[in-house]
Every structure is written in structure tokens, then in C-alpha cells.
Amino acid sequence: MSFVQVEFLGFFALVFSLYWAIPSLRGQNRLLLGASYLFYGWIHPWMMALLGAITLVNYLAGLAIERRREAGDRIVAATLVASIGVLCGFKYFGWFVDAFSAVLPESVRILQVGLPLGLSFYTFHNLAYTIDVNRQRVRVEPNLETYLLYGSYFPQLVAGPVERPSNMLPQFNSPRRFSLEALRSGLGLALWGAFKKIVLADTISPFVDMLFQHPDPSWAMVWAGAIGFTIQALADFSGYTDIARGTSRMLGIELMRNFDHPYLAATPMEFWQRWHISFSTWLRDYVYLPACFSPFVRRWITVPGTGDWNPFWQTTRALFITMLASGVWHGSTWNFIVWGLYHASMATIYTAILARVPKKRKKEKGWRWLFVPIQFGVTVLGMYIFREPSLARAASRLLLNPFAGSREQWIVATSTLSLCLIAGGALVAALLVERYVWPRLREREVGLPLQTTLWACLAIAVFSSVRTTTTDFIYFQF
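Here the sequence shown is numbered in our numbering, starting from 460 and rising by one per residue.
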């Protein structure tokens, strides 16, 4: 089931009504657990078995670590092999068949294995628990029902946020009370997320698809497509997160913020602190920091030609390992690998440049607005690499004559950029309202009428923009 399906409205209305009618915490958790598995197995019931297996393996691993602390590292390693093995089996089987089709039997070559929705997200979500139990950052969860709910909670199950057990398990174990303020806040956030997805992202999506699939685009069309996908990706993915956070807030459970206006970042490092925050911090804690400080990596992080230890090489190589892992996680095609290495290279270049900037200059506010447009250009190029699967075609199209193109091609490019400006304007307007307007009006008498009027406008825009075939969320494919 998807957040943008009409069925979800009925599903959530029923869950919400029953949930707050149940007086006990245990009953609420059981309802959420059953609703989560129904939500996940709505189209393909067999996927519930996969979700249950991944969750159960990590639950048992946590219990085993608690009983045998001395074997914790080995238990974590075995759990990683099992969980990541299943993920890789589903995610990269097609690549394996294509790469070795010449030596594989016909029965294997014709076998098609689709990627279950959300497999990457709930795999990492569960692994965070096992690793944190071993690091003694969280206590083991003895209650199977509570942990199954942690591993399958439907608002963040399919595309995140990739939550941490330290945030979610205490909430599942604590009594929850209905709050009118949480209902108002959650409903507004969910409506805004639906608006970003259906009205903004899905309106730009056909233009982006047309530009990337065009057999002979002009240079203007290429960059219009890249900018269009940059806006679409933010509206689509942050829209999903806002719906997830809003629906969860209405149930009395708070999910972490996953986006913080990433296109206002001034450096690549800041961009990753604002974009897909839950996954970025997951990579930081479970890939980057171990890569920085593990003895195995430490042995070969030296200054070339000298053998001397150097912290710059330590962090740089760990960064490349992390971004390479991020690229591989997104897919098995070469554009994702190059995308990860591209972002690692940009972060390294910026780090080297900023190391030469005086500290007083870094604290000045004026320099920031010089670098924000530059970083946005870096982001757009990264999004282009991410979206274009053929590296040869991507490189050749970037080298086209900027001034060439027919009248029709310029019209298409201009139309796409106009949509991007409208969508970008809506996002900027929302930011201004959030930071400067709403805090001043929230406690006034006019606050509630304005809020309900805004809800009505968002709802009308969403329902009038719904298409018979709504585009799936971009990150469903990962």
C-alpha cells in the first residue's frame, strides 16, 4: 500500500479510530503491529514473511548478544551476513545474471527476482538495533511483539526515515495519550507532504522523463531535465517523509526529521547533514566511523610515498568508502557508483579549500550566500549522474553546444524550467511561512482559521491533481 493510494485514507482512518479507542498500551501496539503487516502485504502478501524473517533474525541476535557478550562481534557479523546477504540477493540478482549469462543455465537466466518494497530501509533499520545492542548503546528488547513493531512500523517502513532503536523503542514502551495539538500538527504536515508529492513532484515528473528519454536533446533540454529532477527528487522524497512523520505524529509517535532544506546548503558536507538525514547519519555511525578507526583500514591509510600516518587520508579514504557504499546501495549500475565517488570527491575538494580559509572569514554570514548557488550547481550535476543510467550518454550530452537547439526544444526546456520555478517558489514560500509568519500567528485568534483554510487549499490541490496512475515514490525502487 502507498500513501498516495485512496485505500490508504480508509486504512489510516480505521487504524486511527481503533487505536485511540483502545485504552491499553499493549492493545495499541498489537493493533499497530497487525496494521503494519497488512499495510506491507496489501499487494504481495508473501513479502510479510520476508519482513518477519529479517525482523526475527535481528531480535534473536539481540537476545544472543545479551546472553553471550564475549561473542557479540561474531553474532553481529553473522547477522550482517544473513541480512545483507538477503538484501544483495534480491537487489543484485539481475546484475549477476546479466554479467554471467554466458555460463549460467537457461533456468537461472529466465528467473526474475523483483526487489521487495522497503527491503533496504527495514534491513538497515533492524541492523541498527543489533549493532547498538552489541555496542551497549541500547538495552535489548525482551518483548517480541514490541520488537516486531519496531521492525515493521508502517509509517516509516517502506522509505524511511531509517530510525534508531534509541528513539523508537522507548516510544513503543511508553503510554501514549491523544493530543489535539499533535493531531493538528500531524494532519498539516501530512497534507503538506501529499501536496509536495502529488502536486509538485508528479507534475514535473512527466517532463523530466520526456527530457531524459529524448533521443536527441539539446544542451538546454539536458540541464532543464537535470534541474527538474533535482526539484522532483526533493519534493517526492521529502513529501513521503512528511506524510510518514505526520501520520505517525497523529498516533502519538514522533519520527525524526529527514530533510532540512538541503538546497540551502553551502558545502557538500552540509548538504549531507540536511538531505536524507536518517540515512546519512546511519552511514556515518555504521560505515564512516568504523572505516576511520578500524585497525584494518588504519594500516593502509598513509601518506603516499612516505608511510607516515595522516588524519586527512584517514577521513578521506573513509569518506570514499562510505560514499561508494551509498552508491552501491542505490543500485548496481555504474552511474550510482560514479555518483557516490563524485560526492566524495566534491566533499574532499571543499574540505581542502575550507582548510585554507581563515576562521574569522568562515564565521562571516556573507560568504555563505556566495557558496549556496555553487553548491546547488554541484547538487544538480550529481542528480543528473544519479538519474542517467548511461555514463557515455551522460558525458556526451553535457558536452553539447549550449546555444544549439530548435525552437521546439527551447520551448520544452523553458516550460520545464518554468514548472521548476513554480515548484521552487512553493517550497521557498513554505519555508518563509514556517520560519517567519506562522510563529507570529500561531497563538492569535486568526491562527486556527488560517490553518484550516490552508488545509482546505492543500486538500483541494491534492485531490484535483490526483491522476488515475499516480507515480510511485522515487525511493520505492531502492
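The beta-carbon is built from N, C-alpha and C at its ideal position, and this holds for glycine as well.
By the criterion of at least three beta-carbon pairs nearer than 8 Å, the stretch 721-729 is not in contact with the stretch 652-662. In the DSSP assignment, L510 falls within the unbroken alpha helix (DSSP H) covering W505 to R526. Using a Cβ distance threshold of 7 Å, L710 and L917 do not count as a contacting pair. Annotation for T792: P848 place their beta carbon closer than 6 Å to its own, counting only its chain and skipping 5 residues before and after.
Apart from sequence neighbours up to five positions away, the residues of its chain that approach S707 with a beta-carbon distance below 8 Å are Y612, P614, Q615, G645, E713 and L714, ordered along the chain. In this structure, the CA atom of V921 is about 17 Å from the CA atom of L693. The beta carbon of T775 sits closer than 6 Å to those of T807, all from its chain and outside the five residues before and after it, given in chain order.
Taking all protein chains in view, the Cβ of Q487 is crowded by 16 or more other Cβ atoms within 10 Å, so the residue is classified as buried. Between T538 and T605, the CB-CB gap reaches or exceeds 7 Å. C-alpha of W731 to C-alpha of S739: approximately 6 Å in a straight line. In the structure shown, M669 falls within a helical segment according to DSSP collapsed to helix, strand and coil. In the DSSP assignment, Q487 falls within the unbroken alpha helix (DSSP H) covering L484 to Y499.
Below 8 Å, too few C-beta pairs join the stretch 619-639 and the stretch 660-672 to call them touching: fewer than three. T582 counts as buried, since at least 16 other C-beta atoms from the protein chains shown sit within 10 angstroms of its C-beta. The criterion of a C-beta distance shorter than 7 Å is satisfied by A872 and A679. Nearest in C-alpha terms to W914, of all of A653, H789, W682 and L800, is A653. Where F922 is concerned, the enclosing alpha helix (DSSP H) starts and stops at G906 to S924. Within its own chain, the residues whose Cβ lies closer than 7 Å to the Cβ of G841, once the five positions on either side in sequence are excluded, are W798, Y801 and H802, listed in chain order. Closest option to P676, judged by alpha-carbon separation, among L857, W828, R733 and T838: L857. Rounded to the nearest whole angstrom, the C-alpha separation of G647 and E640 is 11 Å.
Counting other Cβ atoms within 10 Å of its Cβ, W826 stays below 16 and is therefore classed as exposed. Secondary structure note for Q630: its alpha helix (DSSP H) is the uninterrupted segment P624 to F631.
DSSP places L714 in the coil class of the three-state scheme, outside both helix and strand. With 16 or more other Cβ atoms inside 10 Å of its own Cβ, F498 counts as buried. Of A512, N602, D719 and G610, the smallest CA-CA separation from E893 is found for D719. Here the alpha carbons of P817 and F932 stand approximately 43 Å from one another. G687 carries a helical assignment under DSSP once its states are collapsed to helix, strand and coil. Between the alpha carbons of F779 and E600 lies a gap of roughly 35 Å. F613: not part of any alpha helix (DSSP H); DSSP gives it neither H nor E. Apart from sequence neighbours up to five positions away, the residues of its chain that approach L859 with a beta-carbon distance below 6 Å are W678, ordered along the chain.
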